[in-house]
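Just so you know, the working numbering puts 453 at position 205 of the sequence shown, and the rest follows in order with no gaps. Reading through the structure tokens given below for one structure.
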Amino acid sequence: MKIAVIGGGAAGCFCAIGAKRRLPDADVTLFEAGPKLLAKVAVTGGGRCNLTNSFRDVERLGEVYPRGEQVMKRALRVFGPADTQRWFEAEGVRLVTQEDQCVFPASQDAMQIVRTLERCLRQAGVRVCCNAPVEHIEALPGVPGGRIVPGEEFFDKVVVTTGGSSREKMERLLPEGVAVTDCVPSLFTLKVPDAGLRALMGTVVPRTSLALAGTKFRAGGTLLLTDWGVSGPATLRLSSYAARHLAENAYGGTLLINWLDAPEADARGWIASCAAQNPRRQAAGTPPSGITARLWHHLMNRAALREDLRWAELGSKGAARLAATLTADAYPVAGRARFKEEFVTCGGVDLSGLSPGTLESKAYPGLFFAGEALDVDALTGGFNLQAAWSTAALVASVL
Ligand SMILES: Cc1cc2nc3c(=O)[nH]c(=O)nc-3n(C[C@H](O)[C@H](O)[C@H](O)COP(=O)(O)OP(=O)(O)OC[C@H]3O[C@@H](n4cnc5c(N)ncnc54)[C@H](O)[C@@H]3O)c2cc1C
């Protein structure tokens, strides 16, 4: 049997190794467009490679896989995070799990992961062709296998692991009729052109929740204020959940910041207790927990409250304005900025055209997909690479 794997990234390399180990008599060829395999893995996690996550803090898979939850449920059953850890440890890579549950090689060196996969490819006997971009896969509906262009070589099974790209590129590569959803970026930070907020650059607010006004998109977590707007885990999460919506709206909208990650009633309660307990103290001197003095000053300004105001002077209107500012502080969004550490594509091969248990095209038997080429993507934290390992292992197990 001849198997072609197209794309030498995490998913392609892992799938080729798995396929050749399981089917030693098969002829497995890995085609990579670039001069080197695993170029992206080499820069993952800021060069440290956050290769998976313990998933200990994941309550619902959809929280970390906004697209592809069902496919990931199956793929993780075949090859989950514990399997990833066992696999790499069996290949001699010692791993460490951080407090935030992200898993890295103990060497803190992504190149160790690259070298390990390259060695496994060699040892398994996978034929590797670099500088070999595949332009098109020729196949006929219902007829197994496909021909790779250029080269015209025929393969019984073809696995597409070309990563995140554009819908046009994917459609040029794939046989006619394989549906691809629109590809847009995910995991980015937001530009917020508010001078007051930008002046607070470097401020970290440990517990916030963000929302886009007029939508159901919400995300909680730490917020980082930057010189261009907002960043940090809460922003990245929101960008992932709302990736399509934000793209459709030219990355504009209104960001609602709940600085306390609490309902407005709780904010009112806190304000009432401050007024009752410290009526003569200046409100500016008693920020809520998690809010720095400078940010508190900014928020009081936003609520149109005097700096020297005492709690007793707040009045019901002032209290209402302050509670609203603390829990739904609105800022216009004026675009996106790229997140330096991680950047993935939302969109890819439409999952409805694939058999979920095998990731094989329903229309073209013998045509499989794994990794970011699928319409599957995740939050930061090792979940994207885990999706690559899991979907690649699933495909390798059914070829
Ligand atoms: C800077 C950065 C840091 C990241 N850090 C992390 C992290 O720490 N943890 C994490 O979980 N995720 C991280 N990610 C995301 C993660 O790297 C990707 O989700 C993952 O690498 C996807 O693997 P893949 O094999 O599907 O695609 P890719 O790694 O993109 O590989 C696809 C390969 O296919 C090749 N190719 C494309 N078209 C063709 C063609 N027509 N013919 C032949 N070859 C082709 C490409 O050249 C490429 O080598 C990071 C992403 C970036 C950009």
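Heads up, the beta-carbon is just placed ideally off N, CA and C, and yes, glycines get one too.
Check	Outcome
Just to check my reading of the structure: residue 653 and residue 410 have Cβ atoms closer than 8 Å, yes? What is that Cβ distance to the nearest angstrom?	Residue 653 lies beyond the range of the chain shown here (249 to 647); nothing can be said about it.
At the level of alpha carbons, what is the spacing between residue 471 and residue 547?	15 Å
Taking residue 440 as the reference, which of 449, 510, 434 has the closest Cα?	449
For residue 342, count neighbouring Cβ atoms within 10 angstroms of its own Cβ and tell me buried if that reaches 16, exposed if not.	exposed
Could you tell me if the beta carbon of residue 242 falls within a distance shorter than 6 Å of some heavy atom in ligand 1?	Nothing about residue 242 can be read from this structure; the chain reaches only from 249 to 647.
Thinking C-beta only, is residue 432 closer than 7 Å to residue 495?	yes
Please go through the same chain and pick out, in chain order, the residues whose beta-carbon is closer than 6 Å to the beta-carbon of residue 429, but skip the five residues on each side of it.	595, 598, 623
Could you check what DSSP says for residue 277 in three-state terms: helix, strand or coil?	strand
Is any heavy atom in ligand 1 found nearer than 6 Å to the beta carbon of residue 396?	no
Go ahead and label residue 392 buried or exposed: buried means 16 or more other beta carbons lie within 10 angstroms of its beta carbon, across all protein chains shown.	exposed
Who pairs with residue 384 in a beta bridge, going by DSSP?	397
Give the DSSP-derived three-state secondary structure of residue 213 in the structure shown.	Given that the chain is displayed from residue 249 to residue 647, the structure contains no residue 213 and the question cannot be resolved.
How long is the line joining the alpha carbons of residue 549 and residue 574, rounded to whole angstroms?	12 Å
Give the list of continuous alpha helix (DSSP H) stretches no shorter than 4 residues that lie fully inside the segment 420–491.	443–446, 481–489
May I have the straight-line CA-CA distance separating residue 519 from residue 542, to the nearest angstrom?	18 Å
With DSSP run on the structure shown, which of helix, strand or coil describes residue 509?	coil
Can you list the alpha helix (DSSP H) stretches of 4 or more residues lying completely in the segment 558–639, in chain order?	563–575
Going by the beta-carbon positions, is the gap between residue 368 and residue 265 smaller than 7 Å?	yes
Residue 578 and residue 504: beta carbons closer than 7 Å?	yes
Tell me whether residue 608, by its Cβ, gets closer than 6 Å to a heavy atom of ligand 1.	no
How many whole angstroms separate the CB atoms of residue 457 and residue 466, which I take to be in contact at a CB cut-off of 8 Å?	6 Å
Tell me, to the nearest whole angstrom, how far the beta carbon of residue 386 is from that of residue 423; I am working on the premise that it is less than 8 Å.	7 Å
Residues in its own chain within less than 6 Å of residue 305 by CB, not counting five upstream and five downstream?	349
Based on the DSSP secondary-structure assignment, which residues constitute the bridge partners of residue 251?	276, 405
Just how far apart, CA to CA, sit residue 310 and residue 276?	34 Å
In terms of DSSP beta bridges, what is residue 501 paired with?	581
What residue does the alpha helix (DSSP H) around residue 646 start on, and which one ends it?	No alpha helix (DSSP H) holds residue 646; DSSP gives it neither H nor E.
Where does the unbroken alpha helix (DSSP H) through residue 325 begin, and where does it stop?	317–326
Verify the contact flag: residue 459, CB atom, against every heavy atom of ligand 1, threshold strictly below 6 Å.	no
Using 6 Å as the cut-off, classify the Cβ of residue 480 as near or not near the heavy atoms of ligand 1, replying yes or no.	no
Based on Cα-Cα distance, which residue from 404, 399, 576, 272 lies nearest to residue 510?	576
What residues are listed by DSSP as bridge partners for residue 344?	352
Find out if the Cβ-Cβ distance for the pair residue 289, residue 259 is shorter than 7 Å.	no
Could you tell me whether the Cβ atoms of residue 279 and residue 407 are closer together than 7 Å?	no
Please state if the CB of residue 405 and the CB of residue 647 are separated by a distance shorter than 7 Å.	yes
Are the beta-carbon atoms belonging to residue 593 and residue 618 less than 7 Å from one another?	no
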